[in-house]
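Undergrad: Pasting a structure below so you can have a look.
Spelled out as structure tokens, the structure:
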């Protein structure tokens, strides 16, 4: 299957509520890429797609631990047009934006329309699959903690709040120097406009995945600190090798989580909160130094 004149789809990698992800190859240089197709049949689908595009296109530089967006292409029938930044946008892109404001799809009727996100290919699958398919490794745990903390620092510095951090939204690239994590799936992310600090910008719509949502998200008023809460749950799930895929037992698991953290891991939780998370927004250099300082304590806890 062809995507415009530039890419050939090789195989399906996975699918979710809003789209399908394929492995593909760029024809000009045979580079492998990941291509996510999102249907534009509903305004909420369009809004999610545009939020992901705006978030990934807003940063002026790339980060090693944030998935790289090569381009985003709008398909209407047999016509393919790349989405553009700036004021000069093609009519089809303006129709996408209009769909979000009007709450109805404003693209040409009776025409199949899709958004194709072309991103770097991550050959290691999701963080969830990668961690759970291997034996416990304290060095890998610490490596992943540093990488994810670095990624969130970068996003918040660039005014991006992810709002749906979880291991299934974090990809892994393998290589000779070890695995590299990439934060992905920015469909629920928000870009904070202006010079306001992300920790002062408030959001009022609950979103994300139950186990990774901060208490204030359930209450309907929260800031970027909700990402930090999710990051802590990811660390805990990685250390304890826990996955939350069984929807039928979510309530029971959550009860076990609360009692276990309070009774057994209280010292570990206090250490992580006070000595690791508090400086996450202070900058990557400070955060990296703080994590290195805590490595001996982490080893002592046999993480």
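Residue numbers (the UniProt record's numbering): 1 to 303.
Positions of the beta carbon are idealized from the N, C-alpha and C atoms, including for glycine.
Consult DSSP for residue 221 and reduce its assignment to one of helix, strand or coil.
TA: DSSP places residue 221 in coil when its eight states are reduced to three.
Undergrad: Any idea what DSSP makes of residue 255, helix, strand or coil?
TA: With a pLDDT of only 42 at residue 255, under 50, the local geometry of the prediction cannot be trusted, and no value is derived from it.
Undergrad: How big is the Cα-Cα spacing for residue 11 and residue 21?
TA: Their Cα atoms are separated by approximately 9 Å.
Undergrad: Along the chain, where does the alpha helix (DSSP H) containing residue 198 start, and where does it finish?
TA: Taken as a continuous stretch (DSSP letters only), residue 198 belongs to no alpha helix (DSSP H), as it is neither H nor E.
Undergrad: What is the residue span of the alpha helix (DSSP H) that residue 129 lies within?
TA: Element bounds for residue 129: 127–132.
Undergrad: Please classify residue 149 as buried or exposed, where buried requires at least 16 other C-beta atoms within 10 Å of its C-beta.
TA: Per the 10 Å Cβ criterion, buried.
Undergrad: Which value, in whole angstroms, describes the spacing of the CA atoms of residue 221 and residue 186?
TA: So the two alpha carbons sit approximately 20 Å from each other.
Undergrad: Return yes when the Cβ of residue 165 is within less than 7 Å of the Cβ of residue 182, no when it is not.
TA: No, the pair does not count as a contact, with Cβ atoms beyond the cut-off.
Undergrad: Does the stretch 136–143 touch the stretch 73–80, meaning 3 or more C-beta pairs lie closer than 8 Å?
TA: Cβ pair count under 8 Å is below three, so no.
Undergrad: Can you tell me whether DSSP reads residue 11 as helix, strand or coil?
TA: Strand at residue 11.
Undergrad: If we count the other Cβ atoms within 10 Å of its Cβ and call it buried at 16 or more, is residue 41 buried or exposed?
TA: Residue 41 should be labelled exposed.
Undergrad: Whole angstroms is fine: what's the gap from residue 49's alpha carbon to residue 115's?
TA: If I take the Cα positions, the gap works out to 7 Å.
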